[in-house]
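So the sequence shown is numbered by this note's numbering: it starts at 497 and just counts up by one. Here a beta-carbon is modelled for each residue, glycine too, at the ideal position from N, C-alpha and C. Report on the following structure.
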Amino acid sequence: MMVRKRRGRVLSDDEKSLWQRVAETITPLDANQRAHMIAALEEMAPLPVPEGPVVPAVVAKPVAAPALASAEALQALVVGAKGRGEARPESQTPAYLPLQHGTSPGVDRRTADRFRRGRMVIDGRIDLHGMTQEQAHIALHHFIEGQHAHQARCVLVITGKGARGEGVLRRAVPRWLNDPRLRPLILSFSHAQIPDGGDGALYVLLRRHRE
497 MMVRKRRGRV LSDDEKSLWQ RVAETITPLD ANQRAHMIAA LEEMAPLPVP EGPVVPAVVA
557 KPVAAPALAS AEALQALVVG AKGRGEARPE SQTPAYLPLQ HGTSPGVDRR TADRFRRGRM
617 VIDGRIDLHG MTQEQAHIAL HHFIEGQHAH QARCVLVITG KGARGEGVLR RAVPRWLNDP
677 RLRPLILSFS HAQIPDGGDG ALYVLLRRHR E
């Protein structure tokens, strides 16, 4: 089989000019220098021939580029990173402690004392006495929300004492005032003074819009 001789690439004019300039900088070896180089090459020890089968070189396989993370995975990483940092509340709505008669969390002592003693101006009042529980519950919500919207500060809620002091509304109103819908509007509530109804009525201190 005849092996075809590979033809070299034809140099361009620029390449020929560049090679000519390089060749002009080369100094040829004289006879003595050539003889010393040949002798040095002959003295070099040949490379050892390895014994046994030749182990082919291991060619590293190209590492595949990591797949792009899905949007869900990225979101999970972001949430996880946030979780490892400063904890964030699930809701921006602050939690309010349940109120009881006479408790006034966050109210200064002077205001709380005037409130419990009935020395604050009553801006509005509602009489729930004689209503059913459903009617009274709805009426109380509308009353508190309306008074708060009109910037009222202290209001009076009349429940009635009921038979032997065990009125249904008397027990229910404090629980309704702690409803999640009303509690953010209220700072405190307390039994009214006798002239305003005593145990059959409540003073309710409303939160100002800036508080």
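Near residue i, what residues of its chain come up, given a Cβ to Cβ distance below 8 Å and the 5 sequence neighbours on each side ignored?
i: G629; result: Residue identity differs from the one stated: residue 629 is Gln in this sequence, not Gly. So the list reads V664, L665 and A668, once near-sequence residues are dropped.
i: V651; result: I618, D619, G620, R621, I622, F639, I640, Q643, Y699, V700 and L702
i: R704; result: Q647 and R649
i: H625; result: I654, T655, G656, L665 and G696
i: G598; result: R612, S684, S686 and H687
i: N528; result: none
Would you mind working out which of the options sits nearest residue i, comparing C-alpha positions?
i: V617; options: V700, L514, S513 and N528; result: V700
i: D692; options: A648, I654, D510 and L514; result: I654
i: S686; options: P670, A635, R677 and P680; result: P670
i: H637; options: R677, L514, K657 and G696; result: R677
i: P594; options: P680, I690 and A688; result: P680
i: I634; options: Q596, K657 and D675; result: D675
i: V603; options: L683, R517, D509 and I690; result: L683
i: R706; options: A645, N528, L673 and G694; result: A645
i: Q631; options: R605, W672 and T607; result: W672
Give the DSSP-derived three-state secondary structure of residue i in the structure shown.
i: H687; result: strand
i: V669; result: helix
i: L678; result: coil
i: A608; result: helix
i: R517; result: helix
i: G598; result: coil
i: Q643; result: helix
i: V506; result: coil
i: V603; result: coil
i: A635; result: helix
i: L573; result: With a pLDDT of 40 at L573, under the threshold of 50, the modelled position of this residue cannot be trusted; read the value that follows with caution. Looking at L573 - three-state DSSP - the assignment turns out to be helix.
Pull up the DSSP beta-bridge partners for residue i, would you.
i: R621; result: L652
i: L698; result: V653 and H687
Near residue i, what residues of its chain come up, given a Cβ to Cβ distance below 6 Å and the 5 sequence neighbours on each side ignored?
i: K512; result: none
i: V516; result: The sequence as given places Gln at residue 516; Val does not occur at that position. Counting only Cβ-Cβ distances below 6 Å, and skipping sequence neighbours, we find nothing.
i: A608; result: S600
Which same chain residues end up closer than 7 Å to residue i when comparing Cβ atoms and leaving out the 5 residues on each side of it in sequence?
i: G696; result: I654, T655, G656, K657 and R666
i: R610; result: M616
i: M627; result: A635
i: Y592; result: R679 and P680
i: V506; result: none
Please report whether the beta-carbon of residue i lies at a distance below 8 Å from any beta-carbon of chain C.
i: L678; result: Chain labels in this structure do not include chain C; a single protein chain is all it has.
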